[in-house]
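These notes are about the structure you will find just below.
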Amino acid sequence: MNVAAAVVAGDLRSAARLITRVEAGDSDIAPVLRALHARGGSTPVIGITGPPGAGKSTLLDQMLAHCRAAGERIAVLAVDPSSPFSGGAILGDRVRMSRHNTDRGVFIRSMAARGRLGGLAQAAADALTVLDAMGWDRILIETVGVGQSEIDILRHADTVLIVQTPAGGDAVQAVKAGILEIGDVFVVNKADTAGADRTVGALREAVEFRVHALCPDAWLPPVLKTDAASGTGISELLQAIAAHRAHLQTHPAQQQARRRAQARARLIDCIGQALRLHRRAADQHDRFEAMLDEVAARRCDPQTAALRLLDALNPQP
Ligand SMILES: Nc1nc2c(ncn2[C@@H]2O[C@H](COP(=O)(O)OP(=O)(O)OP(=O)(O)O)[C@@H](O)[C@H]2O)c(=O)[nH]1
Ligand SMILES: [Mg+2]
Numbered sequence: 042m043n044v045a046a047a048v049v050a051g052d053l054r055s056a057a058r059l060i061t062r063v064e065a066g067d068s069d070i071a072p073v074l075r076a077l078h079a080r081g082g083s084t085p086v087i088g089i090t091g092p093p094g095a096g097k098s099t100l101l102d103q104m105l106a107h108c109r110a111a112g113e114r115i116a117v118l119a120v121d122p123s124s125p126f127s128g129g130a131i132l133g134d135r136v137r138m139s140r141h142n143t144d145r146g147v148f149i150r151s152m153a154a155r156g157r158l159g160g161l162a163q164a165a166a167d168a169l170t171v172l173d174a175m176g177w178d179r180i181l182i183e184t185v186g187v188g189q190s191e192i193d194i195l196r197h198a199d200t201v202l203i204v205q206t207p208a209g210g211d212a213v214q215a216v217k218a219g220i221l222e223i224g225d226v227f228v229v230n231k232a233d234t235a236g237a238d239r240t241v242g243a244l245r246e247a248v249e250f251r252v253h254a255l256c257p258d259a260w261l262p263p264v265l266k267t268d269a270a271s272g273t274g275i276s277e278l279l280q281a282i283a284a285h286r287a288h289l290q291t292h293p294a295q296q297q298a299r300r301r302a303q304a305r306a307r308l309i310d311c312i313g314q315a316l317r318l319h320r321r322a323a324d325q326h327d328r329f330e331a332m333l334d335e336v337a338a339r340r341c342d343p344q345t346a347a348l349r350l351l352d353a354l355n356p357q358p
């Protein structure tokens with residue numbers, strides 16, 4: 042059986058090996074990813090982000106436990122953009138989520154794209170293509186929320202969960218980082234600590250202010266409180282995620298707009314990657330370097346240089 046067929050049949054070892062090749066940026070797997078891409082698109086993907094230590098993994102572990110109890114089969118992708126070499130947090134997460142380790146209905150994979158051309162967001166997108174073809178009931182992605190690359194990863198989620206804590210000023214920081222725009226459900230975790238209601242209030246205000254500017258039937262992201270350590274608020278959280286999914290299903294234009302935005306981001310990424318790959322090829326590299334001199338000396342403008350390079354990539358017969 043070929044790799045794509047094995048993955049579609051749900052073979053965990055084949056999937057794990059394929060994701061390793063995705064991480065390494067192995068371009069030989071393009072045909073496999075192509076075959077898998079055609080099979081995907083129906084598994085709900087839930088992205089979880091938030092500042093370091095907000096309780097994302099603890100929350101995810103609780104969500105896993107709830108969904109497993111309901112008979113769901115779940116895949117988890119833990120993406121670590123900030124620390125390519127340590128692996129410390131990843132191992133910590135593996136240990137923490139270990140009560141699911143012997144469960145065949147759960148697949149947990151951490152990834153860090155060391156040196157992968159195009160970066161982690163693309164590696165995560167390809168890993169999602171693999172998982173999406175396997176017929177899981179749900180895919181959860183955890184990524185630590187610090188910058189643009191997490192936002193890029195979360196573009197591929199159907200529902201984006203933003204985790205905050207009552208620690209002072211978080212709600213305001215969220216607005217600044219552009220996180221507010223991508224959140225479908227907001228969670229104030231560690232609700233057992235002081236200031237939770239104040240943080241919920243500030244976030245609600247910010248979310249309502251933003252949604253006001255959108256169309257009248259836009260989804261209003263709820264702001265919930267959880268205590269992931271004890272499991273309080275998890276069923277409400279899962280209900281909110283289900284409500285968001287139902288909203289998209291009953292508003293096909295919004296669903297379609299989201300899918301198109303995902304496709305747009307992915308396509309632009311892939312164009313960039315194709316260009317970077319070609320640039321590494323020796324003759325293209327020389328042509329590129331030569332063009333740098335032309336532009337630097339103002340013998341050629343950058344737009345024309347870019348078009349000439351693109352033409353050279355795809356010579357007319
Ligand atoms: N008091 C309290 N502690 C919590 C809660 N949720 C998580 N914690 C604790 O907060 C710490 C960090 O939790 P994690 O789940 O590792 O947080 P994380 O956001 O995944 O962290 P990184 O992946 O390292 O960014 C752990 O010690 C948890 O036990 C909560 O609701 N209340
Ligand atoms: Mg974590």
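In my numbering, the protein residues as written are 42 to 358. For each residue, glycine too, the CB sits at the ideal point set by N, CA and C. Predicted model, so just to flag it, every value in this text is computed and none were measured.
In this structure A287 is exposed. Its beta-carbon is surrounded by fewer than 16 other beta-carbon atoms within 10 angstroms.
According to the DSSP assignment, G88 belongs to the beta strand (DSSP E) that extends over 86 to 91. Nearest in C-alpha terms to D324, of all of A353, L202, K97, A304, is A353. One Cα belongs to D342, the other to R328, and the distance between them is close to 15 Å. Residue pairing by DSSP puts L118 in a beta bridge opposite R150, I182. Nearest in C-alpha terms to L316, of all of D173, A284, P293, R349, is R349. In this structure, the CA atom of A76 is about 23 Å from the CA atom of Q297. For D67, the shortest C-beta to heavy atom distance toward ligand 1 is 6 Å or greater. Within a 10 Å sphere around the beta-carbon of L118 sit 16 or more other beta-carbons, which makes this residue buried. Per DSSP, I275 is one residue of the alpha helix (DSSP H) stretching across 275 to 291.
By the C-beta density criterion, T267 is buried, having at least 16 other C-beta atoms within 10 angstroms. Counting along the chain, L265 sits inside no alpha helix (DSSP H); it lies in the beta strand (DSSP E) bounded by residues 264 to 266. For the options P293, V171, L289, V204, the alpha carbon positioned closest to that of T99 is the one of V204. Here G66 is buried. Its C-beta has 16 or more other C-beta atoms within 10 Å.
Using a Cβ distance threshold of 7 Å, I282 and T200 count as a contacting pair. Looking at R150, D193, D121, the one whose alpha-carbon comes closest to that of L172 is R150. In this structure A162 does not touch M152 by the C-beta definition: roughly 11 Å separates them, more than the 8 Å allowed. Taking the Cβ of K97 as the reference point, at least one heavy atom of ligand 2 falls within a distance shorter than 6 Å.
Boundaries of the beta strand (DSSP E) harbouring I203: 200 to 205, taken from the DSSP string.
Across the structure, S55 and V63 are spaced so that their CA atoms are roughly 12 Å apart.
Rounded to the nearest whole angstrom, the CA to CA distance from D102 to V86 is 16 Å.
Within the chosen limit of 6 Å, ligand 1 does not reach the beta carbon of D238 with any heavy atom.
In its chain, beyond the 5 residues on either side, V44, A45 have a beta carbon closer than 6 Å to the beta carbon of V73. Remark: C-beta atoms of T90 and T184 approach each other more closely than 7 Å.
A heavy atom of ligand 1 is found nearer than 6 Å to the CB of A269.
Under the DSSP assignment, S55 falls in the alpha helix (DSSP H) whose first and last residues are 53 to 65. Secondary-structure assignment with DSSP links F227 through a beta bridge to I203, V264.
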